[in-house]
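J.: Under my numbering, residue 468 is the last one in the sequence shown; the count climbs by one each step, no gaps.
Ideal placement from N, C-alpha and C gives every residue a C-beta, glycine not left out.
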Amino acid sequence: MTAGSAGAKAVTCPACGGTIEVRAAGFTVNLACQHCGSLLDVSRPEVALIRKYKRANENFALELGKRGTLFGQEWEVVGALRRKDQITIWQEFLLFNPYLGYRWLVACDGEWQFGTMLADRPQGPRDRVYWRSTPFTRMGRDQTTSTTAVAGEFYWRVKAGDTATATLFQSGQTMLSREVSEGEENWTQLVPVPEADVEAAFGLRRRSLPRRKAARGPMLFRPAIGMEQDDLGNMFKLALAVSIIAAIAMAVLAGPSTRTSAMVQVAVGGQIAPVKVGTITVRRPWQFVTIEADTNQFENRWVDLEYNLVDRSSEQSIDAFGLVEHYAGTDSDGAWSEGSHHGDTMFGHVPRGTYDVYVSGSAHGWPVDPGINDAWRSVETINVWVEAETGAMSWGMWWTLVIALFAWPVTILWWRFRDK
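1. Can we say the stretch 349-362 touches the stretch 393-413, given the rule of at least three CB pairs closer than 8 Å?
2. Give the straight-line distance between the Cα atoms of T222 and A341, rounded to the nearest whole angstrom.
3. Which residue comes first and which comes last in the beta strand (DSSP E) that contains V312?
4. Between the beta-carbon of W138 and the beta-carbon of R130, is there less than 9 Å?
5. Quick one: what does DSSP say W443 is sitting in, helix, strand or coil?
6. From V126, D168, T136, pick the residue whose C-alpha is nearest to that of Y150; which is it?
7. So, with DSSP's three-state summary, where would you put E247?
8. Helix, strand or coil for R169? Go by DSSP, reduced to three states.
9. Assuming R115 is part of the beta strand (DSSP E), what are its boundary residues?
10. CB-CB under 7 Å to V314, same chain, minus the five flanking residues each way: which ones, in chain order?
11. Skipping 5 residues on each side, what residues in its chain have a beta carbon closer than 6 Å to that of T117?
12. Thinking just about the alpha-carbon of each residue, which of R253, H374, T193, D367 is nearest to the one in R349?
13. Per DSSP, what kind of secondary structure is M223 in: helix, strand or coil?
14. Quick test of your reading: V398 and V330, contact by CB under 8 Å. State the CB separation rounded to the nearest angstrom.
15. To the nearest angstrom, how far is it from the Cα of E437 to the Cα of I366?
16. Assuming T211 and D190 form a contact by the criterion Cβ under 8 Å, report the distance between their Cβ atoms to the nearest whole angstrom.
17. List the whole-angstrom C-beta distance separating T499 from D133, where the pair is believed to meet the contact cut-off of C-beta under 8 Å.
18. Who are the Cβ neighbours of R332 in its own chain at under 6 Å, not counting the five residues just before and after it?
19. Rounding to the nearest angstrom, what Cα-Cα distance links Q345 and G387 in this structure?
20. Looking at T185: is its Cβ nearer than 9 Å to the Cβ of D175?
21. Which residue or residues does DSSP assign as beta-bridge partners of M394?
22. If distances are taken between C-alpha atoms only, which option among D417, V337, R253 comes closest to A368?
23. Go through its chain and collect everything with a Cβ distance to W334's Cβ below 8 Å, but skip five positions before and after it.
24. Looking at C-alpha atoms only, which residue of L371, E159, A128, P418 is the closest neighbour of T195?
Shown next, in the form of structure tokens:
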């Protein structure tokens, strides 16, 4: 790197008197003294002290001034930053080549990435951007990052305490990092680089590497949890396994089944007194009891039903209500219908015992009831077939569980393939 060596110059730190080599002379604006850590302005002939520190920040994974080859080009480590967000801490190293300019090496969570500043900014909405015709999807939320330590030289003014708002976008293994600070927006392309290549090029101070942390949320240089390609299949398998186990457990807990049934007739516009359907026995300490009601075909009618489970030993009653309704007609949009000729009612917690099942109810017409006392009019009746069963399963609860289990992996699947 002959041009870089020729362009280097030495300056004296006004804070500690140490001699510092400016490796990218003519490009460097800020310089952190390698001896005491003081921040210097070297953009002018006379070196100005910006901020004085008592000691240098030497705890970086790469040594300043080291040269090495990455991607077929020789680079020199000229600057180092330690940064953090709400979740993790990482290190960034500024590389310099007099012919190619500046690049970044980022060490975060045990992984390394090689960064190139973008001159052509990506375009697109908030959650998806396009760069050179390739779509990049936003990963996680914006993160507020802060700089906690500075060492070496930089082509812009940087200091500990600087903050920025960072957003990460991903397409395959390539990521785009957007940082906004003091109204200035900068984009960087990040590609993975093996740690072995970094160590071969520059050597590593392993004790100074950022400590690997368990992922607890979206981090700056990693995809959000659950978005890794290998996770999705496992998430679907886990959801399916839990659904099957839950169904088996519910079937076991439902216990032995007994059932009884009967048919009753209800006059439209009238009501019926309680009619005994039959007897059921609950053999577990408690069980679900389901009562199903099916009717003959009717339109614009509804049937209100009241069910009573009367314990033979105590004569106490457990009550519930059911409804069967169906409507049809035409309007400006054409024919329509709603409702069903079938209704289910579930008793959720019936104690052990023998119960007589009774049903009563009334039927009504819409919009008004027909006159059942009209001597010239035949009475319209609705047949209702009622069946009571113990040991039933709460399929509504099971389907709620299934939907909840599959919601997250299905959302991720849709997110990945929504534009494909």
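T.: In short, the structure shows the following:
1. yes
2. Position 174 of the sequence shown holds residue 222. Position 293 of the sequence shown holds residue 341. One C-alpha to the other measures close to 59 Å.
3. Here residue 312 refers to the residue found at position 264 of the sequence shown. First-last of the beta strand (DSSP E) with V312: 307-315.
4. Here residue 138 is taken as the residue at index 90 of the sequence shown, counted from 1. Here residue 130 is taken as the residue at index 82 of the sequence shown, counted from 1. Cβ distance < 9 Å, so W138 and R130 count as in contact.
5. What you label residue 443 is simply residue 395 of the sequence shown in a count that begins at 1. Here W443 sits in helix by DSSP.
6. For the purposes of this step, residue 150 is taken as the residue at position 102 of the sequence shown. Nearest C-alpha to Y150: V126.
7. The residue you call residue 247 lines up with position 199 of the sequence shown. E247: helix per DSSP, three-state reduction.
8. Looking up residue 169 in the sequence shown gives position 121. Three-state result, R169: coil.
9. By one-based count along the sequence shown, residue 115 stands at place 67. It spans 115-118 - the beta strand (DSSP E) in which R115 sits, taken as one unbroken run.
10. Counted from its first residue, the sequence shown places residue 314 at position 266. Only I320, V351, G409, S410, A411, T429, I430, V432 meet the Cβ criterion.
11. Counting from one through the sequence shown, the residue named residue 117 turns up at place 69. Excluding positions up to five away in sequence, the list reads A249.
12. In the sequence shown, residue 349 corresponds to position 301, counting from 1. The option with the nearest alpha carbon to R349 is H374.
13. Numbered from 1 along the sequence shown, position 175 holds the residue referred to as residue 223. Looking at M223 - three-state DSSP - the assignment turns out to be strand.
14. The sequence position of residue 398 within the sequence shown is 350, counting from 1. The sequence position of residue 330 within the sequence shown is 282, counting from 1. At roughly 5 Å, the Cβ-Cβ gap stays under 8 Å, so V398 and V330 are in contact.
15. Residue mapping note: residue 437 aligns to position 389 of the sequence shown, counting from 1. Residue mapping note: residue 366 aligns to position 318 of the sequence shown, counting from 1. Using only the alpha carbons, I get a separation of about 15 Å.
16. Within the sequence shown, numbered from 1, the residue matching residue 211 stands at position 163. Within the sequence shown, numbered from 1, the residue matching residue 190 stands at position 142. At roughly 12 Å, the Cβ-Cβ gap does not stay under 8 Å, so T211 and D190 are not in contact.
17. Residue 499 lies beyond the range of the chain shown here (49 to 468); nothing can be said about it.
18. Working through the sequence shown from its first residue, we reach residue 332 at position 284. Contacts found: G303.
19. One-based indexing of the sequence shown puts residue 345 at position 297. One-based indexing of the sequence shown puts residue 387 at position 339. Computed Cα separation, rounded: 12 Å.
20. Position 137 of the sequence shown, counting from 1, holds the residue named residue 185. Position 127 of the sequence shown, counting from 1, holds the residue named residue 175. It is a contact, given that the beta carbons lie within the stated cut-off.
21. As a first step, residue 394 is located in the sequence shown; it is residue number 346 there, counting from the start. In the DSSP output, where bridge partners are listed per residue, M394 has T338.
22. The residue given as residue 368 occupies position 320 in the sequence shown. A368 has its Cα closest to that of V337, out of D417, V337, R253.
23. As a first step, residue 334 must be located in the sequence shown, where it is residue number 286. Hits under 8 Å: H397, V398, P399, R400.
24. On the sequence shown, position 147 is the one that residue 195 refers to. Cα-wise, what sits closest to T195 is A128.
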